[in-house]
Each structure stands twice: as structure tokens, then as C-alpha cells.
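Numbering (full-length UniProt numbering), first residue to last: 1 to 106.
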């Protein structure tokens, strides 16, 4: 009985996580915008430390953008249009660690 409950709970969690998935962004534009606005601070040699799409899971990227987080410099997001942020989010989400196509931003 415990195994059945665990399986049902796991399925419910998986379904609820996919329900918050980002939609409407253009991942190709997002990759370009990520390289232009984010990579300068988030490469291996940069002060902000390396951050690539596969540094987080899809759910973690969603939470990051939903909470409008950018710990080091919150003003970074203020200079970008909502559509540009959505494009970056879509790119990061599509290539997150648990996505079908995990990727770095090489």
C-alpha cells in the first residue's frame, strides 16, 4: 500500500511541476539574449560564476523567474523587456538539467 501511495504522489508531483512550465518564449532569441546579457557575468572565468541552462532543473528556472530573482544585481532584469526575459527563460527551461535537451551555452 505504501508503494502505491508513493507512486501516486510521485506522479502528482511530476504533473504539477509540468503545469508551471514556461510558454510563449522564443528559445532561439533567448539563447542570443542570454549570450548578450548574461554570459559576461556567468561564464567559467567570470566573477558571477558559471551558470548554464543545465545548472538548474526546469522547475528551478521557473521559480527563479517567477520570483524575479537575480541575487547579485537585481537591476539586471530591469533593463530587459518582459518578452526578452520570457525568451531567456524559455531557452534556459528548454535546456535545463532535467529537460530532453540539457545544454551548456557554448
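Glycine included, C-beta positions come from ideal geometry on N, C-alpha and C.
Residue j and residue i - do their beta-carbons sit closer together than 8 Å?
i, j, result
"residue 86", "residue 37", "no"
"residue 26", "residue 101", "no"
"residue 92", "residue 61", "yes"
"residue 54", "residue 84", "no"
May I ask you to report which of helix, strand or coil DSSP gives residue i?
i, result
"residue 40", "coil"
"residue 82", "helix"
"residue 63", "helix"
"residue 22", "coil"
"residue 87", "helix"
"residue 55", "helix"
"residue 27", "helix"
"residue 50", "coil"
"residue 68", "coil"
For residue i and residue j, which I take to be in contact (beta-carbon distance under 8 Å), what is that distance rounded to the nearest angstrom?
i, j, result
"residue 105", "residue 56", "So it is not a contact: roughly 13 Å between Cβ atoms."
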